[in-house]
Each structure stands twice: as C-alpha cells, then as structure tokens.
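In the working numbering, the protein residues as written are -5 to 271.
Yeah, the Cβ is synthetic: ideal placement off N, Cα and C, and Gly gets one too.
Quick caveat: nothing in here was measured; it's all calculated off a predicted structure.
I have placed the structure first, in the form of structure tokens, so that the comments after it can refer back to it.
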C-alpha cells in the first residue's frame, strides 16, 4: 500500500486524531513562532503603548480601496488616487515626524509615520467633499492631520470644509496645531456628548473614535443624529468591537458596511472602519 492510500485508510480509523497530531502541532508552532518574532521585534523597535500605528498589507489596502469605492459610490481608480495622494504627501509626513520628535510625549510615539486605515478616512473625505467633519477622540492628532489634509485638498478644488475635533484631554491634538492643517481644525476640549450637543452647524461626516465602550459610542451617535445634515455619513473606529453603528443604521433606515484592516508586520490584529449612509 502506498503512502497516500495508507493515510486515507488511517483517516477512517480511531487512530486518525493521533496520526494527525504531529502535522497539526507543526502548523501551530510555525504560526506561533511568527507571532513571537513579530512581537519581539515590535517590543524592541517601537515606543507605542496604545493607539498603535502600522502599515496595511497590500491585500488589505486593495480591499480598503474597494470598500471606499462602494460606500462613496466613486470609481475605485479614483479612490486609489486618493490613497496614493495621502501616502505621498511629503509635507504632511515631514511635519508629523518633526512634531513628534519635538513633543513632550515623544517617548511614547514612533518617529515613523504610518497611517493604516486612516488613509480610508482621507479617501472618504476626498470623495464626499463634506463642509463639516466632526471627529471624537483625537489623541496625538494623527487622524486629525489626515482629515485636515483631505479638507485642504478639497478647499483647493473649490469645496471648502472644516474639522471639529473633540477630546476630553487638554493635551490632545498636538500634531494638528501647526499650519496649514490647523487652519481648518477647531479643537474642542470637553466631554464629547456635551460638545456634540453644542455644535452650531450641521455635520456632514461624523467619526466616532473616542471612548470605545458600547454605552458611550451609542450615546455619541444618538447625540449627533439631530445635528446631521441631509445625506450625512457616520463612521466608527470601533466596528471590530461593537455592533453599535450597525444597529443605529438599522434603526434609522441607513445602509451599513464594515471593513477590517490587516496590519503588515505587526502583532496587533488591527481595527476597522464601519460606515452608515
């Protein structure tokens, strides 16, 4: 009996689990060894302790382009151009590197600029041309800079817009305090739900990226509903953790779609973008 026939014969006996164990163990060991190598490299080379930054895999970037194409109803070729636009913006990249190096919190930030799913935010703003974007949760201000860069490009093309960035931490947003990006950013310090209630102009694009508890995320979407402009789009950075935006979309008669990113060369499994429109 040849080896193939022998394996098939064993697979039909009670010995099958025992015979398969060495192969299964080898596969798990290879996977775990890769994860350990990646984790060890990150521990040595990175300073970040939360809000991790990384590049996307090539495949994940392709999927992101199609995701934005679908939710914004624009050709995927145009979306790819937007993604390339932010990734090759050397003025913004240089600013972030310099501001990070000079910041008091530089000991907890990497000097390399890695946008991950935020390039999707950029492409959505470029495609939608919103007059007013609101984001909750600013941290260093990396996402704020990305959104502001998109708004500046839109303004240059005749579609002006502003970003209202909400955070409870007075030290948040140090990357977005320099011109020209600061010229289109209004940084508001305080509770996000209360700040949403105080908004004095309609919201065309809303992004939840603050307290990721289910209760708080739900409170933000409920608070912003009365502030939305006709046809507004809602985004969440919490889509891999909760189903809050999907449930909100169903209650309010919107469509919903989610994208999950895949980080390249990083131990973290990644986050995603949820969109209701």
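Distances from the alpha-carbon of residue 190 to those of 160, 166, 165 put 160 closest.
Taking the Cα of residue 223 as reference, the smallest distance to any Cα among 271, 68, 165 is reached at 271. Proximity to residue 238 across 255, 227, 122, 215 peaks at 215, based on C-alpha coordinates.
Contact between residue 255 and residue 247 does not hold, since their C-beta atoms are separated by about 28 Å, which reaches or exceeds 8 Å. Residue pairing by DSSP places residue 183 opposite 161 in a beta bridge.
By the Cβ neighbour-count rule, residue 134 is buried, with 16 or more other Cβ atoms within 10 Å of its own. Rounded to the nearest whole angstrom, the C-alpha separation of residue 18 and residue 259 is 24 Å.
Fewer than three pairs of CB atoms, one per stretch, sit closer than 8 Å, so the segment 4 to 19 makes no contact with the segment 69 to 76. For residue 4, the CB contacts under 8 Å within the same chain, skipping 5 residues up- and downstream, are 10, 13 in chain order. Per the DSSP secondary-structure output, residue 267 pairs in a beta bridge with 253. Nearest neighbour of residue 85 by Cα position, chosen from 65, 130, 175, turns out to be 175.
In summary, residue 98 is exposed, with fewer than 16 beta-carbon neighbours lying within 10 Å of its beta-carbon over all protein chains present. By the criterion of a C-beta distance shorter than 8 Å, residue 180 is surrounded in its chain by 156, 157, 158, 159, once the five residues flanking it on both sides are discounted. For the 8 Å CB-CB criterion, residue 46 and residue 262 form a contact.
Inclusion of residue 114 and residue 138 in the CB contact set at 8 Å is not warranted, their separation being larger than that value. Contact between residue 104 and residue 40 holds, with the beta-carbon distance rounding to 6 Å and staying under 8 Å. Straight-line measurement puts the Cα of residue -2 at about 13 Å from the Cα of residue 6. At the C-beta level, residue 163 and residue 120 stay beyond 8 Å of one another.
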